């Protein structure tokens with residue numbers, strides 16, 4: 089039995105990870121910057137992490153991992169991904185396995201402009217994207233006076249501008265093994281989205297999408313759980329971004345296949361070969377809020 093750490097456990101979509109860890113026969117350790125959340129009640133253990141800007145962040149993280157006897161970390165918080173990827177070998181020497189894609193992969197896909205450049209380089213369709221060369225004032229091209237004039241201060245930076253894409257929106261739940269080979273590629277059509285989170289979806293077999301995912305994975309290495317976001321417009325498959333981490337909507341991908349927590353333990357910890365089972369396509373998911381109470 090392993091104790092598995094998950095991040096940002098206060099989020100509304102973390103419960104599926106906790107359930108899958110428990111169903112795999114292991115212990116779930118939640119973490120967040122405070123412990124007043126539902127995950128604290130659902131998990132077997134809980135760590136209060138420092139805020140991301142803390143100058144002693146990683147020293148405190150390491151201390152907590154050792155004190156709570158964490159065996160495995162499955163990162164999910166974007167701001168922490170580079171730090172985890174940089175320390176995979178360091179933590180493994182201490183008996184802690186961090187299941188995450190290589191540092192170079194994380195660095196690339198956290199930068200949306202570099203992601204665009206990468207897609208263009210390998211021949212993957214993606215919206216036209218430009219760096220936002222900002223001036224302080226934005227105003228209509230035609231007209232006079234100050235009507236509709238916008239003024240920005242110096243706190244706004246690091247923006248991109250991107251072509252708007254219409255079409256059916258998909259997220260693709262993927263599991264890659266410790267050699268970077270795709271075990272599962274499960275497209276799910278997003279039927280309803282609230283605050284950027286998928287609340288309704290359906291798994292679909294899409295050979296055309298699978299082919300593009302394989303093409304991407306032949307050009308850069310992925311490990312563990314990864315999701316891809318794209319639109320299907322007419323017959324074009326247009327990739328928007330890659331999240332090289334586990335994500336809340338993967339609940340559907342796992343339910344349509346099997347418990348990926350078990351697979352990751354077998355493959356990344358015990359170095360066992362893993363094979364995909366038949367995927368249940370046409371499986372629908374709808375989400376709801378669930379309350380927990382504290383005395």
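In the numbering used here, the protein residues as written are 89 to 383. Where is the CB? At the ideal position from N, CA and C, for every residue including glycine. Since this is a predicted model, take the numbers as computed values, not measurements.
Boundaries of the beta strand (DSSP E) in which residue 149 is found, first to last residue: Looking at the DSSP string, residue 149 is not in any beta strand (DSSP E); the run it does join, the alpha helix (DSSP H), is 145-155.
Looking at residue 204: is its Cβ nearer than 8 Å to the Cβ of residue 217? yes
Closer than 8 Å to chain B by CB, residue 294: The chain labelled as chain B is not found in the depicted structure, where only one protein chain is given.
Short Cβ contact (8 Å threshold) for residue 327 with residue 310: no
Which value, in whole angstroms, describes the spacing of the CA atoms of residue 116 and residue 93? 6 Å
Relative to the C-alpha of residue 368, which candidate in 319, 292, 126 and 306 has its C-alpha closest? 292
Mapping DSSP to helix, strand and coil, what is residue 179? helix
Opposite residue 319 in the DSSP bridges: which residues? Beta bridge pairing from DSSP links residue 319 with 257 and 326.
Boundaries (first-last residue) of the alpha helix (DSSP H) holding residue 338: 338-343
Does DSSP classify residue 166 as helix, strand or coil? helix
When you compare only the Cα positions, how much space is there between residue 129 and residue 144? Rounded to whole angstroms, the separation of the alpha carbons of residue 144 and residue 129 is 28 Å.
Looking at the structure shown, is residue 296 part of a helix, part of a strand, or coil, going by DSSP? helix
Residue 265 burial status per 10 Å Cβ neighbour count (16 or more: buried): Buried, by the Cβ-count rule.
Quick one: using the 10 Å Cβ neighbour count with 16 as the cut-off for buried, is residue 95 buried or exposed? buried
Exposed or buried, what is residue 256 when buried is set at 16 or more other beta-carbons lying within 10 Å of its beta-carbon? In the assembly as shown, residue 256 is an exposed residue. Its beta-carbon has fewer than 16 other beta-carbons within 10 Å.
Determine, using beta-carbon pairs with one atom in the segment 102-109 and one in the segment 342-351, whether at least three such pairs fall under 8 Å. Contact annotation: the segment 102-109 touches the segment 342-351, with at least three C-beta pairs closer than 8 Å.
Please name the residue in 334, 307 and 373 whose C-alpha comes closest to that of residue 196. Measuring from the Cα of residue 196, the nearest candidate turns out to be 307.
According to DSSP, simplified to helix, strand and coil, what is residue 37? Residue 37 is absent from the model: the chain starts at 89 and stops at 383.
Integer Cβ distance of residue 122 from residue 135, believed to fall under 8 Å: Separation of the CB atoms of residue 122 and residue 135 is rounded to 11 Å, and the pair is thereby denied contact status at 8 Å.
Use the C-beta contact count for residue 289: other C-beta atoms within 10 angstroms, 16 or more gives buried, fewer gives exposed. Residue 289 counts as buried, since no fewer than 16 other beta carbons sit within 10 angstroms of its beta carbon.
If you run the structure through DSSP and keep just helix, strand and coil, what is residue 371? Residue 371: coil per DSSP, three-state reduction.
Using three-state DSSP, classify residue 128 as helix, strand or coil. helix
Just verifying my parser: in three-state terms, what is the DSSP assignment at residue 193? helix
Please return the same chain residues whose Cβ sits closer than 7 Å to the Cβ of residue 365, not counting the five positions on each side in sequence. 345 and 346
Reduced DSSP category for residue 171 - H, G, I as helix; E, B as strand; rest coil: helix
Going by CA-CA distance only, name the one from 338, 104, 100 and 252 that's closest to residue 276. 338
Residue from 163, 155, 132 and 168 with nearest C-alpha to residue 139: 168
Whose C-beta lies closer than 8 Å to the C-beta of residue 253 among residues of the same chain, with five residues either side of it excluded? Spatial neighbours of residue 253 in its own chain (CB-CB distance under 8 Å, excluding positions within 5 residues in sequence) are listed in chain order as 215, 319, 321, 326 and 328.
Extent of the continuous alpha helix (DSSP H) run through residue 349: Residues 348-352.
Below 7 Å CB to CB, which residues in the same chain sit around residue 267 once its five sequence neighbours on both sides are set aside? none
My guess is that residue 160 and residue 187 are in contact by the Cβ rule of under 8 Å, so how many angstroms apart are they, rounded? 7 Å
What whole-angstrom Cβ distance do residue 164 and residue 125 have, given they're in contact under 8 Å? Not a contact, Cβ separation roughly 15 Å.
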